[in-house]
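So the first sequence is residues 8 to 853, counted in my numbering.
In this text, a Cβ means the ideal position worked out from N, Cα and C, and glycines have one as well.
Keep in mind that this is a model prediction, so the values were computed, not measured.
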Amino acid sequence: MSRYTPTEIEARWQEVWNRDEVFKAVRSADKPKYYVLEMFPYPSGRIHMGHVRNYTMGDVVARYKLATGHNVLHPMGWDAFGMPAENAAMAIGGHPKDWTYGNIKDMRDQMKPLGLSIDWSREFATCDPEYYGQQQSLFLDFLEAGLVYRKNAVVNWDPVDMTVLANEQVENGRGWRSGAVVERRELTQWFFKISDHSEELLEALDNLENWPAKVRLMQENWIGKSRGLQFSFSTIDAPEGHEQIEVYTTRPDTLMGASFVGISPDHPLAKLLESDSPEIAAFCAECRKGGTTEEAIETAEKLGFDTGIRVTHPLIDDTELPVYIANFILMDYGTGAIFGCPAHDQRDFEFATKYGLPIISTFLPASDAPETLSEAFVPTKSEQVFYNRGFAGAQQQTGAEAIDAAVDHCESNGIGQGVTKYRLRDWGLSRQRYWGCPIPVVHCDSCGVVPEKKENLPIELPYDVSFDVPGNPLNRHTAWRETTCPACGKPALRETDTMDTFVDSSWYFARFTAPEAETPTNMADASYWMNVDQYIGGIEHAILHLLYSRFFARAMQITGHLPESAVEPFDALFTQGMVTHEIYQTTGDNGRPVYHLPEDVSDGKLADGTAVDIIPSAKMSKSKKNVVDPVNIISAFGADTARWFVLSDSPPERDVEWTASGAEAAYKHLGRVWTMSEKIAEMSGTGQNDAELLRAMHVTIRDVTLGVESFGFNAAIAKLYAFTAVLHKSKAGAEAQKQAILTLAKLMSPMTPHLAEDIWARHGQEGLITSSPWPVVDEAMLVSDTVTLPIQVNGKRRAEITVPAEMSKEDVEKTALADAAVIRTLDGAIPKKIIVVPGRIVNVVI
RNA sequence: GCGGGCGUGAUGGAAUGGUAGACAUACCAGACUUAAAAUCUGUUGGGCCUUGUGCCCGUGUGGGUUCGAGUCCCACCGCCCGCACCA
8 MSRYTPTEIE
18 ARWQEVWNRD
28 EVFKAVRSAD
38 KPKYYVLEMF
48 PYPSGRIHMG
58 HVRNYTMGDV
68 VARYKLATGH
78 NVLHPMGWDA
88 FGMPAENAAM
98 AIGGHPKDWT
108 YGNIKDMRDQ
118 MKPLGLSIDW
128 SREFATCDPE
138 YYGQQQSLFL
148 DFLEAGLVYR
158 KNAVVNWDPV
168 DMTVLANEQV
178 ENGRGWRSGA
188 VVERRELTQW
198 FFKISDHSEE
208 LLEALDNLEN
218 WPAKVRLMQE
228 NWIGKSRGLQ
238 FSFSTIDAPE
248 GHEQIEVYTT
258 RPDTLMGASF
268 VGISPDHPLA
278 KLLESDSPEI
288 AAFCAECRKG
298 GTTEEAIETA
308 EKLGFDTGIR
318 VTHPLIDDTE
328 LPVYIANFIL
338 MDYGTGAIFG
348 CPAHDQRDFE
358 FATKYGLPII
368 STFLPASDAP
378 ETLSEAFVPT
388 KSEQVFYNRG
398 FAGAQQQTGA
408 EAIDAAVDHC
418 ESNGIGQGVT
428 KYRLRDWGLS
438 RQRYWGCPIP
448 VVHCDSCGVV
458 PEKKENLPIE
468 LPYDVSFDVP
478 GNPLNRHTAW
488 RETTCPACGK
498 PALRETDTMD
508 TFVDSSWYFA
518 RFTAPEAETP
528 TNMADASYWM
538 NVDQYIGGIE
548 HAILHLLYSR
558 FFARAMQITG
568 HLPESAVEPF
578 DALFTQGMVT
588 HEIYQTTGDN
598 GRPVYHLPED
608 VSDGKLADGT
618 AVDIIPSAKM
628 SKSKKNVVDP
638 VNIISAFGAD
648 TARWFVLSDS
658 PPERDVEWTA
668 SGAEAAYKHL
678 GRVWTMSEKI
688 AEMSGTGQND
698 AELLRAMHVT
708 IRDVTLGVES
718 FGFNAAIAKL
728 YAFTAVLHKS
738 KAGAEAQKQA
748 ILTLAKLMSP
758 MTPHLAEDIW
768 ARHGQEGLIT
778 SSPWPVVDEA
788 MLVSDTVTLP
798 IQVNGKRRAE
808 ITVPAEMSKE
818 DVEKTALADA
828 AVIRTLDGAI
838 PKKIIVVPGR
848 IVNVVI
């Protein structure tokens, strides 16, 4: 008898799948299509366990769908533009293009041994001119459709990466990649009009039933819809051009309690005053300097500067309010100006207390409550409160009712109007980098900004660039920059900004449907394959990538590149957890921690016997050295073991801890299954209890199918373990055992396809297990003749009876009451009630 | 502060309102072996005695609904995630 030799088995079957083109996706009318996609990787050069887990989950879905009669599309590509390539070029020399394509080759070589059911014929990288040329074509169509525009704007400037960042890419005031404190600069930039689609992007979230609620909620908060009143205060003694100050409020019901007006230090009026008054200039500078970290905001004092300007209250005669410049007012939300109602806003309350401004309530907790407040009273909008200064007279009302009444009142008196605002800003896409998709426009002295002609696409990146000076090398490449105007033919200069790499990943899923089309997509293929039926990736893309992709699908539909049915491109989304590992640490000579790789530690000790401190599991990272290289695992145990383990120990949406013992256990288990299969292959003759084995088999088919369909991979694997144990102990005959092992192999095949394929072949089965149909549950087989029922007395389990499955409720009651343990527990008491749940439980109540 | 999620053995985790702890790890014991590894078998939530098909306790804490609650409801405690001077 031979042994389980995964490396030999796996290479052999991968070759067969490859030779037979088993995973090639071809349009076909006779089967339902299924498009499964994992978020494509950035080609860093090494795959990690997170990739293994992500792609294994997608592969389980893809292989299961293949077995259940679907025409499956399961592609893979590379999100290949981006800063690391340029950083590497600057750090170690070389060229971003060579670095990137070298990494892609390395990573593909590491990925293929996983045995994923990918149609590699559709592979592309976003840095292929064939891809980004089509992206430039899309850009031109978007430009023509008014979906992208150019404007002068204050932008987030990352001084380390020397480029602009979108709002979404700034975290706590720092660049999401470099971590540098972001500066503000005024530049002319390209923007996608995503904000025009705020309402649609928000509303459509309701229909994404197969997305995690968490992701939908995060997007909802990000879009940030609010309803309120926008109106103007008339000023007294203000500079020319500022006769009005426009404010926005979501609580117009507090207008009668206004005691000051505040403007942002970046408000146009503040900037004008700044130029005349060094004092104001100093104050504004101080405000802008303020830290943007969580702690700084939490503890920051509310600071204000009285401008001396006054405004009149629009509804209360002879009432004037002071205008302050205040540090807590943001220019990029609402109008950059507010009215303060200290009684009903904690910030305003602190501000008013500090500067001695009146605190006037417009509503109170109850009609008899005192009018003095020790802190702001801020009930929810649905709470009933007593309005003492409401717009509908003094009365009990909810905030929501009062807000509506206030908007109506103000509108009918010509004071502003009800408006809806969104937090979502337009998406700035210009980046001052080399390694990205060039924006296909030309700057002409006579014609201005002129789109390139489509026949000139792709506008390819020049290869001969240098990175010895900071900044964008395209700016210095005169031969590339100098061109002729597509409109008038005179000399002109190319745009040197490239696109944000999030553009590249916002439509790759559509390109996979026709990767060689001479237009960005082709309608026949896009209509057939879209939408992505199952998308799988990390929660870290909950907002940026998924929101941008949803916008792009709409923009592509408007410009005729996607069918209307594909405006929401991802039908179902699954966000998987990370792979974590313990951290091993010792203390170095200088007192600093020294980290050790898992492979250098055994039994908590290094090779020289030094004990290490074990720090609880965390995401695998190079800096903490708690990484396990999938390549090493595959060469030691095989891909099937790695695949089995990453699925087995935790629910897929949660983190899974990689442990050496767990990986070994997975390997042992697969070896046991293989050995058992070999033994069964040599069996002959009849045995006992065939029906019992086959019943367990059908229960397993049912449970594993349910597990795979509901992303309960860990539970499915537990059922497979249990059935393996049953088969192992079974005394059934050769025929039944053979049927059981082949079914087990099929049920395992989405997770451990190579092992399954080998068992299939060794039992002389025709064709490939990969192409064979999924087993069907025989419901009749699930029914047993007898059933074991627990008997509870007052909800506590006291006994167990085994009765014929079809026994009547009355007879079950009688049998239960006749049980010795039940009689003993009742101790002569008369049951008040007996509850019989057929097939489940009996509860005797006394 | 706002929004969301989660608290189950030594550990990862199972449980359509119906026998809590499936399955796996770890530990312990046994078989095989000169020995170890590998392999196989078995035990393992806590406590109690009268060792039984025994009793009591047990899913963060306290209450509630129910014949029956890890699961549903309320309050609290703890941890995690997202957003945030958003008017």
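Alpha carbon to alpha carbon, what distance is there between His204 and Met263? 35 Å
What would DSSP say about Phe88, mapped onto helix, strand or coil? coil
Hey, out of Gln799, Asp826, Gly835, whose CA is closest to Val843's CA? Gln799
Start and end of the alpha helix (DSSP H) containing His761? 760 to 769
Am I right that Ile590 and Ile622 are in contact with their C-beta atoms under 8 Å? What's the rounded C-beta distance? 4 Å
For Arg440, which of helix, strand or coil comes out of DSSP? coil
Just to confirm, are Ala412 and Phe398 a CB contact at a threshold of 9 Å? yes
Taking three-plus beta-carbon pairs below 8 Å as touching, is the region 76 to 87 in contact with the region 119 to 136? yes
Jot down the residue ranges of each uninterrupted beta strand (DSSP E) in the region 110 to 193, minimum 3 residues, whole runs only, in chain order. 155 to 165, 170 to 172
Helix, strand or coil for Arg26, going by three-state DSSP, please let me know. helix
Can you confirm whether the region 240 to 259 touches the region 216 to 229 when touching is taken to mean that 3 or more C-beta pairs between the two stretches lie within less than 8 Å? no
Residues of its chain near Asp474, where Cβ-Cβ distance is below 7 Å and the 5 sequence neighbours each way are ignored: The displayed chain sequence assigns Phe, not Asp, to residue 474. Answer for Phe474: Glu93, Ala96, Met97, Pro480, listed in chain order.
Under the rule that 16 or more other beta-carbon atoms within 10 Å means buried, what is Tyr555, buried or exposed? buried
Here's a check: name, in chain order, each residue in its chain whose Cβ is nearer than 6 Å to the Cβ of Ala36, leaving out the five neighbours to either side. none
Going by DSSP, what residue range makes up the alpha helix (DSSP H) through Pro329? From DSSP, Pro329 is part of no alpha helix (DSSP H) but of the beta strand (DSSP E) over 327 to 333.
Quick check on the burial criterion: 16 or more other C-beta atoms within 10 angstroms. Buried or exposed for Asn2? Lying outside 8 to 853, the shown extent of the chain, residue 2 is not represented and no answer is given.
Cα-Cα separation, Asp471 to Arg488: 13 Å
Reference Met46; option with closest CA among Phe581, Ala836, Ala359, Phe558: Phe581
So, is Ala614 buried or exposed, given that buried needs 16 or more other C-beta atoms within 10 angstroms? exposed
Are the beta-carbon atoms belonging to Pro757 and Asp66 less than 9 Å from one another? yes
Does DSSP classify Thr750 as helix, strand or coil? helix
Option in Glu17, Glu190, Gly584 with minimal Cα separation from Pro219: Gly584
State the Cα-Cα distance for the pair Phe384 and Phe356, rounded to the nearest angstrom. 10 Å
What are the uninterrupted segments assigned as alpha helix (DSSP H) that are 4 or more residues long and contained completely in the region 256 to 301, given in chain order? 275 to 283, 285 to 296
Please state whether DSSP places Pro2 in a helix, a strand or coil. Past the boundaries of the shown model lies residue 2; the chain is included only from 8 to 853, so the question cannot be answered.
Rank Met755, Arg34, Met563 by C-alpha distance to the C-alpha of His77 and give the top, closest one. Arg34
When you compare only the Cα positions, how much space is there between Ser266 and Val601? 59 Å
Closest by C-alpha distance to Asp765, when choosing among Tyr362, Asp647, Asn721: Asp647
Using DSSP's beta-bridge definition, name the partner residues of Thr593. Val601
Glu856 vs Thr793 beta-carbon contact at 9 Å: Nothing can be reported for residue 856, as the shown portion of the chain is limited to 8 through 853.
If you follow the beta strand (DSSP E) that Gln404 is part of, which residue opens it and which one closes it? 402 to 405
Have a look at Thr731 and Leu751 and give me their C-alpha separation to the nearest angstrom. 8 Å
Beta-bridge partners of Asp313, as assigned by DSSP: Tyr331
Take the Cβ of Arg10 as the centre, count every other Cβ of all protein chains shown within 10 Å, and call the residue buried at 16 or more, exposed below. exposed
Within 10 angstroms of its Cβ, does Arg26 collect 16 or more other Cβ (buried), or is it exposed? exposed
For Ser628, which three-state DSSP category applies? coil
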